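Number of protein chains: 2
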Amino acid sequence: MSVAEIRCWAPDGVPEIHAGDDLAAILVTATGRLEAGDVVVVSSKVVSKAEGRQVVADDREQAITDETVRVVAVREQPGGGVTRIVENRLGIVGAAAGVDSSNVEPGTVLLLPVDPDESAARLRTALIAVTGAPVGVVVSDTLGRPWRRGQTDVAIGAAGIRVVDDLRGLPDANGRTMGVTVVAVADEIAALADLVKGKAENRPVAVVRGLGEHVLDVDGPGARSIVRLGNEDMFRQGSAEAYAEGYRNGYAEGSQETSGSSDDEVDGGAW
Amino acid sequence: MSVAEIRCWAPDGVPEIHAGDDLAAILVTATGRLEAGDVVVVSSKVVSKAEGRQVVADDREQAITDETVRVVAVREQPGGGVTRIVENRLGIVGAAAGVDSSNVEPGTVLLLPVDPDESAARLRTALIAVTGAPVGVVVSDTLGRPWRRGQTDVAIGAAGIRVVDDLRGLPDANGRTMGVTVVAVADEIAALADLVKGKAENRPVAVVRGLGEHVLDVDGPGARSIVRLGNEDMFRQGSAEAYAEGYRNGYAEGSQETSGSSDDEVDGGAW
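Taken in sequence, the protein lines are chains L and E. Residue numbers for the first sequence follow the numbering used here, so the first one is 1 and each next one is one higher. Residue numbers for the second sequence follow the numbering used here, so the first one is 272 and each next one is one higher.
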């Protein structure tokens, strides 16, 4: 009976990372001997720290605003404070634009890496140079979901890995073609790694062994290719925001007594 | 150097499941000796088959309509066909309401289990009775995400497992309290299991070892508790749908020349 198996472990002993540290060298020491087909998952937090993305910011809210390219939805919370769902520079939609104020020095915040795919590619090159093994690299971050409680880790950077596995058109076990299945491999790897890395401990890196079928000989498309925006995005605005925009436009049209005929696109929203 | 480690494997040799099969007995045979703290992840597909949820349906679209309690967003696809994002009976928001037409007999579709938390609880009880080990059970299904390409597996049923790990208020490694982190443990476990189970092969079950800290002595809250709906849901309607509703209401108000004063809630949408 053959068995598909994955192992994932997160070594202790990764030191506190500072700006300018050689993260690849630190990862090589922490992870030990890597094998061909291993995937190394690194929390974006330590990538950002190594890249000097810790910045002075008395006001976390202003830092979030600075990292935001588009506001998707805003909601005042019952207990005070405001939740802002925004698109950040990387096209990622989530709360707080990736601005991180936990596990950083007081009076500072940590921004996401400038280009996490590029960070992953640099780490991949450095790891391969040391270990001689073709490995994949995922840079992970923590993201909420609109209709489900809690957050999961996702891939915001990737190199040497098939980020999605497109099974559309392949036969299923009964020989019928499968529906719309596109497996979000890199995000599932990030989620797996989160389970072993944890949040509170100093275990920002994990190694996943057993997914060599998804490891590539090249950097590949990267995690940027996972982002679904623009015309594909059915949730470009929060419901309240889209309703309010529609109401304003509808009210303006109705006030002009154009008797129901309008050149405006009624159901297009911001798309 | 201590190491946190997870192993996950998906045994081959699980037979085709039919209505009325004793799924727990089949799982015991397939998974071999379970240990205390193991989590068994089962694809909802085989749970549904064992529970006789395969129904004759010439029209898959009608079956989706029957399983839908609320339409969130509808979009015609460029290549033809329609994507419907809906809330199903279980409160889960996704495409196709969980109606599955792959890996089933022609002319039929497979509906989700009636109560996947209850299915998970029954399996947990039966597994514990056979193995004597406290184990957790997750019933998984495949779900898309609004802003990211590809699908991940999530937990639609759970028993004996901490479905979310609420770290709010706990100290981080620097002794500062962590922000809003609530780890979606059950969903991350489902994602992990998807990586080993695969989609095309007959490997509908996986065992996860190493997460005993999240395994409970009781059935626990179940996956239903992960659902975020109602007032917490900022994306209760697709942007186009919310815009159109706002436009209609705004236009009606404007046409009455009420000069901008209205008793209607302008920014409330459907909430």
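For each residue, glycine too, the CB sits at the ideal point set by N, CA and C. As the structure is a prediction and not an experimental result, all values here were calculated from the model.
Query: Interface flag, A10 (chain L) vs chain E, CB-CB below 8 Å; Result: yes
Query: Residues of the stretch 144 to 175 of chain L with Cβ closer than 9 Å to any Cβ of chain E, in chain order; Result: G144, R145, P146, W147, R148, R149, G150, Q151, T152, D153, V154, V163, V164, D165, D166, L167, L170, P171, D172, A173, N174
Query: Residues bridged to I92 (chain L) [DSSP beta-bridge criterion]; Result: Answer is none; I92 (chain L) lacks a bridge partner.
Query: Min CB distance T452 (chain E) to chain L below 8 Å; Result: yes
Query: Interface residues of chain E facing L287 (chain L) [CB-CB closer than 8 Å]; Result: Past the boundaries of the shown model lies residue 287 (chain L); chain L is included only from 1 to 271, so the question cannot be answered.
Query: Contacting residues, own chain, Cβ-Cβ under 6 Å from K49 (chain L) (five flanking each side not counted); Result: I17
Query: Closest residue to V131 (chain L) among L:G81, L:E188, L:A159, L:A36 (Cα-Cα distance); Result: Correcting the residue type first, residue 131 (chain L) is Thr in the shown sequence and not Val. Among L:G81, L:E188, L:A159, L:A36, the Cα nearest to that of T131 (chain L) is on L:A36.
Query: Chain L contact residues for N520 (chain E), given Cβ-Cβ distances below 9 Å; Result: Y243, G246, Y247, G250, Y251
Query: Where T413 (chain E) falls, given that 16 or more other Cβ within 10 Å makes a residue buried; Result: buried
Query: Presumed contact (8 Å Cβ cut-off) between V409 (chain E) and A429 (chain E), rounded CB distance; Result: 5 Å
Query: Alpha-carbon to alpha-carbon, R209 (chain L) and P282 (chain E); Result: 17 Å
Query: Nearest candidate by alpha-carbon position, reference T354 (chain E), set E:L361, E:R360, E:V343; Result: E:V343
Query: Close Cβ partners of A296 (chain E) (< 7 Å) along its chain, the five nearest in sequence each way excluded; Result: none
Query: Cβ separation of L294 (chain E) and V311 (chain E), assumed to be a contact under 8 Å, to the nearest whole Å; Result: Contact doesn't hold; Cβ gap of about 11 Å is too wide.
Query: Short-range partners of chain E found in the stretch 18 to 29 of chain L, where Cβ spacing is below 9 Å; Result: none
Query: Per-residue burial, L441 (chain E) [other beta carbons within 10 Å of its own, 16 or more giving buried]; Result: exposed
Query: Q256 (chain L) to G525 (chain E) span [Cα, whole Å]; Result: 8 Å
Query: Cβ separation of E5 (chain L) and R416 (chain E), assumed to be a contact under 8 Å, to the nearest whole Å; Result: No, E5 (chain L) and R416 (chain E) are not in contact; Cβ-Cβ is about 27 Å, not under 8 Å.
Query: Assigned exposure category for P405 (chain E) - 16 Cβ within 10 Å defines buried; Result: buried
Query: Chain-ordered residues of the stretch 330 to 344 of chain E with a beta carbon less than 8 Å from chain L; Result: A344
Query: The stretch 401 to 416 of chain E: positions lying closer than 9 Å to chain L by Cβ; Result: T413, L414, G415, R416
Query: Contact the stretch 421 to 436 of chain E vs the stretch 491 to 502 of chain E: 3+ CB pairs below 8 Å; Result: yes
Query: Among L:W9, L:V56, L:G94, nearest to V69 (chain L) - alpha-carbon criterion; Result: L:G94
Query: Whole runs of the beta strand (DSSP E) within the stretch 418 to 504 of chain E, excluding any shorter than 3 residues; Result: 422 to 430, 476 to 480
Query: Rounded C-alpha distance that separates A515 (chain E) from G246 (chain L); Result: 6 Å
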